[in-house]
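What follows is a short report on a single structure.
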Amino acid sequence: MYVDDLIITGSSEVTIGEFKKEMKKSFSMSDLGLLTYYLGIQVDQKTGVTTLCQSSYALKILENAGMKGCNPSHVPMENRLRLSKNDKSLLVDKTKYRSVISSLRYLVNTRPDIAYAVGIVSRFMEDPRGSHWSAVKHILRYIAGTVNYGCTYRKQGTTESNLTGFSDSDLAGDVDDRKSTSGSVFMLGSSLVTWASQKQRVVALSSCEAEYIASANAACQGIWLSRLLGELLGIQAPKVKLLVDNKSAIALSKNPVHHERSKHIDT
């Protein structure tokens, strides 16, 4: 629920109908039928398939940023781009920069492909420079070529709805404070349900430690999702498979005393 907009969902249409009747007794309500649009998110529901998209919202962002009709880009950010707060290029309009970033952050709700790039440019809202604005325009050009991208969810059987997570991390990617950036996604069967890209709170001294921190945070998210799934389905919280691509981090998670060099990692 957001202010006076309410989404009702459930597995039984009869129960949903009864809930609507109870609500109408207490509140003045309008039943708009099957969900098609909610807070800038377009919802397309077909038999066994539901698609979430923000194409109209994306077009508004491009128009407000003066990038309507721009040449599209194939990627949201240049490979190995390193942005810094100590950049000496010309200052840009802070209000416009913050407005565009805020809009892009909301667009991430259905666009996991831009989560990392938007997270990077969000670090410079206090004192945005020309190089930072160039990176933002690169994201906007990518969006211009992928306006209709979104998330698709297909109906699956309970045997296909296994919860699987993936975590990854760079090493000292932020050139200002040398903190690493963690990334994680969780799939319920073939459907992407959560994603995150955020800077770590501590400075990792090795790729093993950076990956370990990322996987630890992802594990917490996975446990929470598992318990939520169990509560929704009325079953015991299912096990979660978490996939990590660093052998040292995997070995360390299996045996915390396996490496003497891990003593500095905080609880």
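According to my numbering, the sequence shown holds residues 8 to 274 in order. Glycine residues also receive a C-beta, built at the ideal position from the N, C-alpha and C atoms.
Buried or exposed: where does E216 fall if 16 or more other Cβ atoms within 10 Å of its Cβ makes it buried?
-> buried
From what residue to what residue does the beta strand (DSSP E) around Q243 run?
-> Premise fails: Q243 is in no beta strand (DSSP E) and is neither H nor E.
Given that a residue counts as buried once 16 or more other Cβ atoms are within 10 Å of its Cβ, and exposed if not, what is R118?
-> buried
DSSP on V56, reduced to helix/strand/coil?
-> strand
Use the C-beta contact count for L38: other C-beta atoms within 10 angstroms, 16 or more gives buried, fewer gives exposed.
-> Note that residue 38 corresponds to Asp in the displayed sequence, not to Leu. The residue in question, D38, is exposed, as its Cβ has fewer than 16 Cβ neighbours within 10 Å.
Just reading off the alpha helix (DSSP H) that G172 is part of, what are its end residues?
-> Segment L170 to S176 is the beta strand (DSSP E) holding G172; no alpha helix (DSSP H) there.
Residue ranges of each alpha helix (DSSP H) within the region 62-98, 4 or longer = 62-71
Quick one: what does DSSP say Q49 is sitting in, helix, strand or coil?
-> strand
Would you kindly work out how many angstroms separate the C-alpha atoms of N93 and S213, rounded to a whole number?
-> 25 Å
Hey, quick one: how far does the alpha helix (DSSP H) through S19 stretch, first residue to last?
-> Element bounds for S19: n/a, residue is neither H nor E.
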